[in-house]
Amino acid sequence: MASGADLSPQHFGWGVDGGVATITLSRPERKNPLTFDSYRELTDTFGALAAIDDVRAVVLTGAGANFSSGGDVHEIIGPLVAMREQGDTDGLLRFTRMTGDLVKAMRACPQPIVAAVDGVCAGAGAILAMASDLRLGTARSKVGFLFVRVGLSGADMGACAILPRIIGHGRASELLFTGRFMDGGEAERWGFYARLVEPGALLDEATGLARSIAEGPVFAHAVTKRSLHAEWNMDLDGAISAEAEAQARCMRTEDFARAYRAFVAKQPPVFEGN
466 MASGADLSPQ
476 HFGWGVDGGV
486 ATITLSRPER
496 KNPLTFDSYR
506 ELTDTFGALA
516 AIDDVRAVVL
526 TGAGANFSSG
536 GDVHEIIGPL
546 VAMREQGDTD
556 GLLRFTRMTG
566 DLVKAMRACP
576 QPIVAAVDGV
586 CAGAGAILAM
596 ASDLRLGTAR
606 SKVGFLFVRV
616 GLSGADMGAC
626 AILPRIIGHG
636 RASELLFTGR
646 FMDGGEAERW
656 GFYARLVEPG
666 ALLDEATGLA
676 RSIAEGPVFA
686 HAVTKRSLHA
696 EWNMDLDGAI
706 SAEAEAQARC
716 MRTEDFARAY
726 RAFVAKQPPV
736 FEGN
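Per this note's numbering, residue 466 is the first one in the sequence shown, and the count goes up by one each step.
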């Protein structure tokens, strides 16, 4: 197994402490937009996490007072318009598949991802927050799925599949058809955020949440994340059967026995991830 220290991304901040990796979208002067390079590197990083043994949870955040403004207008939108004018339909499809691969990598990585969302969280930035497992926000944050504003559909990077499952079909439909922003209070009421936090405490709160997850049973957390994803399209009987097999696998881990021994000794369990 590799170490988080072995990763050295060039297009965003990366650090590992206490079992928690922090990914920081780090172009604050432009509200942390994404580029072709950052899309690829984020995808590669989330893909590599399955083999990183000292990372047990991930925090995803933005530098400065914003999460992410989405795809960089000049470095992504401009070139895509040029592709369109040149009739490069294959190039357009390569790009949309590449962006979708990032969400696939986020959902496939076994570590739970906590998004810490402040300020602007728009377009592809909103997708990154959506694709995370948990989200903490601030009252001043603004989340918008803006694709319709640039003549595109709301069907981008899995939004039509994932967003309704978080906030409900009707609410997701409104956001995707109108492209409007929802403020922090609305996002919390609708269930997009687990809770609101003061801006100055946001990263500490998100890191604390991620650390509490990292201190839990790592194998079992990975099973929970995989099951939440896999059971979207199962009927109830199929889901119950799948969960029976998943739970039986967890019962074969040493962490399961550790928890019992700790209970008998009236001590808190110390999980080691095996």
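Glycine residues also receive a C-beta, built at the ideal position from the N, C-alpha and C atoms. Fair warning: this is a prediction, and the values are worked out from it, not measured in the lab.
Contact check, Arg-534 vs Val-585, beta carbons under 7 Å: Per the sequence presented here, residue 534 reads as Ser, with Arg not at that position. Cβ distance < 7 Å, so Ser-534 and Val-585 count as in contact.
Using a 10 Å radius around the Cβ and a threshold of 16 neighbouring Cβ atoms, would you call Met-716 buried or exposed? exposed
If you draw a straight line from the alpha carbon of Phe-646 to that of Thr-718, how long is it in whole angstroms? 44 Å
Would Arg-676 and Val-520 be called neighbours here (beta carbons separated by less than 7 Å)? no
Alpha helix (DSSP H) runs contained entirely in the region 620-648, provided each spans 4 or more residues: 624-632 and 634-643
First and last residue of the uninterrupted alpha helix (DSSP H) at Gly-738: Per DSSP, Gly-738 belongs to no alpha helix (DSSP H) and is neither H nor E.
Going along the chain, which residues of its own chain have a beta-carbon closer than 8 Å to the beta-carbon of Glu-540, five neighbours each way excluded? Pro-498, Thr-500 and Phe-501
Output the distance between the C-alpha atoms of Ala-530 and Arg-495, rounded to the nearest integer angstrom. 11 Å
For a test of the three-state rule: what should DSSP assign to Trp-655, helix, strand or coil? coil
How would you call Arg-492, buried or exposed, if buried means at least 16 neighbouring beta carbons within 10 angstroms? buried
With a 10 Å radius around its C-beta and 16 neighbouring C-beta atoms as the bar for buried, classify Asp-700 as buried or exposed. exposed
Roughly how many whole angstroms lie between the Cα atoms of Pro-734 and His-686? 15 Å
Counted within 10 angstroms of its Cβ, other Cβ atoms place Val-802 as buried (16 or more) or exposed: Absent from the structure is residue 802, since the part of the chain shown begins at 466 and ends at 739.
My guess is that Trp-655 and Arg-630 are in contact by the Cβ rule of under 8 Å, so how many angstroms apart are they, rounded? The pair is not a contact, with the Cβ atoms about 12 Å apart (cut-off 8 Å).
According to DSSP, is Lys-607 helix, strand or coil? strand
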